[in-house]
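Numbering-wise, the sequence shown is residues -18 to 259 according to this note's numbering.
From the three backbone atoms N, C-alpha and C, an ideal C-beta is built for every residue, glycine too.
What follows is a single structure, written as structure tokens, with notes after it.
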Amino acid sequence: MKTIDKAMSLLNLFTTETPEFRLVDIARTSGMDKVTVMRVLNSLVAGGLLEQHPETRKYRLGTAILRLARIRETSFPMISTLQPIVDRLSEETGESGHASLASDAGLTTIALCEPNRSTRVWIDPTQVLPFHATASGIVYLAHLPKSEADALLTRTSDKRYTAETATRDQLQHRMEEARRRGYAESIGGFEVDTAGFAAPVFDWHGKVVATMGLACVRSRLDTANHDRLICAVVHAANAATRAFGGKIPDTLNVAGFSGGQNPRSIADCGSDTIAKGD
């Protein structure tokens, strides 16, 4: 298992910013000795997960990853289902829409759409987003069983990205709030100039399987559009839930509109928000 863990950590080094590595760079970045790195790299190359450029001798992701991704998407079509919803969300709000899936390391963006305007939030789809510092992460944790959320948090970093990143105590409060409301927000928690809103996507068992989010330019956020952005995210998340044949848990099927400055729950976004399951 330790060898597999090492192989996974090396694969996770590759990003759009650094798509290729020399052996010495991989060893330095990973903190492993060159002999161990070479042994793991040889196995990954043999399996097609990595390949080595014949001239530069640099390593890059291999074609086997494309084959595995195609199999995953064909068997469980998530990207093709979520992308049109994300596109519509971005078009309606004028902000960057995204959908994410979770792993032990954090959230991975699987669908993304940026608005056609000069000032917008750019999201790197290869960057793993932290649970505690993003609206998507907070709302995902909030709708997991408590034991699963606690176990996940023990395995992840609580690094503070800005002065507004949630501490462990603050995170628990924000999770409770997200669980009650059905959405989460993180203003400046990951990047100072960014405001994030997110809502959960559920499967047919009522289990959270993904998140739908908006990454907004913070300076554009005001009382006039705050609620509109939240409701747009909630509607998009519930459209995704319906597309997957999912069911929103009964705890979120609340009714009534209280008014006020902020929506108290998903019901405050209108009757279309509640996606009834079978």
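In chain order, what residues of the same chain have a beta carbon less than 6 Å from the beta carbon of residue i, not counting five sequence neighbours either side?
| i | result |
| --- | --- |
| Asp68 | Cys94 |
| Thr(-3) | Thr107 |
| Asp259 | Note that Asp259 scores a pLDDT of 33, beneath 50, so its modelled location is shaky; the value from the coordinates is reported in the next line. None. |
| Leu264 | Shown here, the chain extends from -18 to 259; a query on residue 264 therefore has no answer. |
| Ser117 | Ser81, Leu88, Ala179, Thr192 and Gly194 |
| Pro65 | none |
| Arg38 | none |
| Pro126 | none |
| Thr115 | Ser167, Phe171 and Gly177 |
| Thr204 | none |
Could you name the residues that DSSP lists as bridge partners for residue i?
| i | result |
| --- | --- |
| Met(-11) | Met(-11) is not bridged to any residue. |
| Val189 | Phe183 |
| Cys94 | Gly78 |
| Val198 | Thr175 |
| Ile168 | Ala176 |
| Thr89 | Leu82 |
| Phe2 | Tyr40 |
Considering only residues of the same chain and omitting the five flanking positions on each side of residue i, which have a CB-CB separation below 8 Å?
| i | result |
| --- | --- |
| Val198 | Glu76, Thr100, Arg101, Val102, Asp174, Thr175 and Ala176 |
| Pro230 | His124, Phe183 and Gly187 |
| Glu32 | Val26, Tyr40, Arg41, Leu42, Gly43 and Thr44 |
| Ala86 | Asn(-7), Val109 and Thr137 |
| Ile119 | Phe112, His113, Ala147, Leu152, Arg155, Met156, Ala159, Ala165, Ser167 and Ala179 |
| Thr10 | Leu(-6) and Phe2 |
| Ala132 | none |
| Ser200 | Asp174 |
| Ala217 | Ile66, Val67, Arg69, Leu70, Gly78, Ala180 and Met193 |
| Pro96 | Ser71, Glu72, Thr74, Gly75, Glu76 and Ser77 |
Report all residues from its chain with a CB closer than 7 Å to the CB of residue i; omit the five preceding and five following residues, and keep chain order.
| i | result |
| --- | --- |
| Asp184 | Val190, Phe225 and Gly227 |
| Ile91 | Met59, Ile60, Leu63, Ala80, Ser81 and Leu82 |
| Thr222 | Val182, Phe183, Ile229 and Ala256 |
| Leu202 | Ala176 |
| Ala8 | Asp14, Lys15 and Val18 |
| Asp6 | none |
| Arg98 | Gly75 |
| Asp(-14) | none |
| Ala139 | Contrary to the premise, residue 139 reads as Asp rather than Ala in this sequence. Here the set comprises His113 and Arg149. |
| Ile104 | Ser77, His79, Thr90, Leu93 and Ala196 |
On a Cα-Cα basis, can you pick out the residue from the options that is closest to residue i?
| i | options | result |
| --- | --- | --- |
| Leu70 | Leu122, Leu195, Gly28 and Asp150 | Leu195 |
| Pro0 | Tyr121, His34 and Lys127 | His34 |
| Met13 | Phe(-5), Ser(-10) and Gly170 | Ser(-10) |
| Pro169 | Asp208, Tyr142 and Arg161 | Sequence inspection shows Gly at residue 169; the Pro mentioned does not correspond to that position. Per the Cα distances, Tyr142. |
| Glu73 | Gly28, Leu133, Thr10 and Cys212 | Cys212 |
| Gly28 | Phe2, Leu47 and Ala144 | Leu47 |
| Glu36 | Arg3, Pro96, Lys127 and Ile66 | Arg3 |
| Leu210 | Phe(-5), Gly78 and Ile(-15) | Gly78 |
| Glu145 | Ala220, Leu134, Asn206 and Phe171 | Phe171 |
| Leu30 | Ala(-12), Ser56 and Leu233 | Ala(-12) |
| Arg161 | Ser56, Leu233, Thr(-16) and Ser84 | Leu233 |
| Ser84 | Ala205, Leu134, Ala218 and Thr204 | Leu134 |
How about residue i: is its Cβ closer than 8 Å to a heavy atom in the ligand SAH?
| i | result |
| --- | --- |
| Val189 | Ligands are entirely absent from the displayed structure, and the ligand SAH is therefore not among its contents. |
Could you name each continuous beta strand (DSSP E) segment of 3 residues or more that falls completely within the stretch 15 to 76, going from the start of the chain to the end? 31 to 33 and 40 to 42
Between the stretch 2 to 22 and the stretch 44 to 56, are three or more C-beta pairs nearer than 8 Å? no
Scan the stretch 101 to 145 and note each continuous alpha helix (DSSP H) run of 4 residues or more that stays entirely inside, going in chain order. 116 to 123 and 127 to 135
If you scan the stretch 199 to 226 from start to end, which runs of the alpha helix (DSSP H) of 4 or more residues do you find wholly inside it? 207 to 224
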